[in-house]
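Peer 1: What follows is a single structure, and I will ask about it in a moment.
As structure tokens, this is what we get:
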């Protein structure tokens, strides 16, 4: 019951965001099968309704195509057109519910529709819906962008959510992401919204398989959120 959960979070003073992914090819928003696209749109409308009931005004993730599904080639113009139509229907529903979608560019090993911030934001401009925007993920940018910091800065106007994720998806701050420059760019851009930790382990088997996570990257979940929170707090202060 998302409404009851939202009310509980209100009582204890916790804010919230929402995240989702689409791993079922039967709900692929770019499929040539109209039934699959409709199923994907219906799922997204449900996820938007849940986010609104929870009290989250953002819903982020790779909500543009099926995670881990590939055609063997790059995105076609037909797939992009189908995506635009699907996202417009989703964006219209999101607007009615007061929820903004933050679409995520994923690295080439997890999706093929949009891999870079340039790809993503060009697509968002074509979708042309005020409630369909972008999120920036440091892990994916570290793989796909020649200049991850520049990619954030150039496309800041579309960014409504940020994932703080280490190069190995472990504890933020332990790897090789250029954090000082990243926090500085984000803060200087005037961004004043969520910085959320994204870290994976093996506990969610389907997600681990889709994201190719074959080992645990931290000794415990507590290490991720405690050390990760300190990393974000100190990095943000240092960027002032």
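Numbering (the numbering used here), first residue to last: 8 to 247. Yeah, the Cβ is synthetic: ideal placement off N, Cα and C, and Gly gets one too. Note that the structure is predicted; figures quoted are calculated from it, not measured.
(1) Can you round the beta-carbon distance between residue 138 and residue 108 to whole angstroms, since I take them to be within the 8 Å contact cut?
(2) Measuring alpha carbon to alpha carbon, tell me which residue in 67, 42, 176 and 151 is nearest residue 54.
(3) Output the residue ranges of the beta strand (DSSP E) runs that lie fully inside the region 59-83 and measure 3 residues or longer, sorted by chain position.
(4) Tell me the start and end of each unbroken alpha helix (DSSP H) in the region 75-125 that is at least 4 residues and wholly inside, in chain order.
(5) Check for me: the alpha helix (DSSP H) holding residue 15 runs from which residue to which?
(6) Alpha carbon to alpha carbon, what distance is there between residue 102 and residue 36?
(7) Should residue 191 and residue 118 be called a contact, given that it needs their Cβ atoms to be closer than 8 Å?
(8) Using 10 angstroms around the beta-carbon of residue 186, count the other beta-carbons present and answer buried if the total reaches 16, otherwise exposed.
(9) Do residue 180 and residue 234 come within 8 Å of each other at the CB atom, strictly closer than that value?
(10) Quick check: what's the CA-CA separation for residue 12 versus residue 21?
(11) Please state whether the Cβ-Cβ distance between residue 97 and residue 48 is less than 8 Å.
(12) Hey, would you say residue 5 sits closer than 8 Å to residue 150, going by beta carbons?
(13) Identify every run of the alpha helix (DSSP H) within the region 137-190, keeping only runs that are complete inside it and at least 4 residues long; order them along the chain.
(14) Verify whether the separation of the beta carbon atoms of residue 148 and residue 74 is less than 8 Å.
(15) What is the DSSP secondary structure of residue 133, counted as helix, strand or coil?
(16) Taking DSSP as the reference, what is the three-state secondary structure of residue 231?
(17) How long is the line joining the alpha carbons of residue 177 and residue 224, rounded to whole angstroms?
(18) Compute the beta-carbon to beta-carbon distance between residue 168 and residue 205, rounded to the nearest angstrom, for a pair I have assumed lies under 8 Å.
(19) What does a CB cutoff of less than 8 Å around residue 162 pick up in its chain, not counting 5 residues either side in sequence?
(20) Provide the residue(s) that pair with residue 202 in DSSP beta bridges, ordered along the chain.
Peer 2: Let's see:
(1) To locate residue 138, count along the chain shown from 1; it is residue 131. To locate residue 108, count along the chain shown from 1; it is residue 101. Going by Cβ atoms, the distance from residue 138 to residue 108 rounds to 6 Å, so yes, they are a contact pair.
(2) Your numbering for residue 54 matches position 47 in the chain shown. Among 67, 42, 176 and 151, the Cα nearest to that of residue 54 is on 67.
(3) 65-68
(4) 84-104
(5) Position 8 of the chain shown, counted from the first residue, corresponds to residue 15. Note, residue 15: alpha helix (DSSP H), 9-19.
(6) Here residue 36 corresponds to residue number 29 of the chain shown, with the count starting at 1. Here residue 102 corresponds to residue number 95 of the chain shown, with the count starting at 1. Near 19 Å, if we compare the C-alpha coordinates of residue 102 and residue 36.
(7) Start at 1 with the first residue of the chain shown, and residue 191 comes out as number 184. Start at 1 with the first residue of the chain shown, and residue 118 comes out as number 111. Taking 8 Å as the Cβ cut-off, residue 191 and residue 118 do not qualify as a contacting pair.
(8) Reading the chain shown from its first residue, position 179 is the one you call residue 186. Per the 10 Å Cβ criterion, buried.
(9) Taking the chain shown and counting its residues from 1, the one referred to as residue 234 is at position 227. Taking the chain shown and counting its residues from 1, the one referred to as residue 180 is at position 173. Yes, the Cβ-Cβ distance between residue 234 and residue 180 is below 8 Å.
(10) For the purposes of this step, residue 12 is taken as residue 5 along the chain shown, with counting starting at 1. For the purposes of this step, residue 21 is taken as residue 14 along the chain shown, with counting starting at 1. In a straight line, the C-alpha of residue 12 is about 11 Å away from that of residue 21.
(11) Mapped onto the chain shown, residue 97 falls at position 90. Mapped onto the chain shown, residue 48 falls at position 41. It is a contact, given that the beta carbons lie within the stated cut-off.
(12) The shown model of the chain, from 8 to 247, leaves out residue 5, and the question about it has no answer.
(13) 145-151 and 155-161
(14) Position 141 of the chain shown holds residue 148. Position 67 of the chain shown holds residue 74. Taking 8 Å as the Cβ cut-off, residue 148 and residue 74 do not qualify as a contacting pair.
(15) Walking along the chain shown from the start, residue 133 turns up at place 126. Residue state, collapsed to three classes: helix.
(16) To locate residue 231, count along the chain shown from 1; it is residue 224. Reduced to three states, the DSSP call for residue 231 is helix.
(17) Here residue 177 is taken as the residue at index 170 of the chain shown, counted from 1. Here residue 224 is taken as the residue at index 217 of the chain shown, counted from 1. If you take the alpha carbons of residue 177 and residue 224, they lie about 5 Å apart.
(18) In the chain shown, the residue the question calls residue 168 occupies position 161. In the chain shown, the residue the question calls residue 205 occupies position 198. So it is not a contact: roughly 11 Å between Cβ atoms.
(19) The sequence position of residue 162 within the chain shown is 155, counting from 1. So the qualifying residues of the chain are 124, 125, 127, 128, 141 and 143.
(20) As a working mapping, residue 202 is identified with position 195 in the chain shown. For residue 202, which the question treats as bridged, DSSP gives the partners 169.
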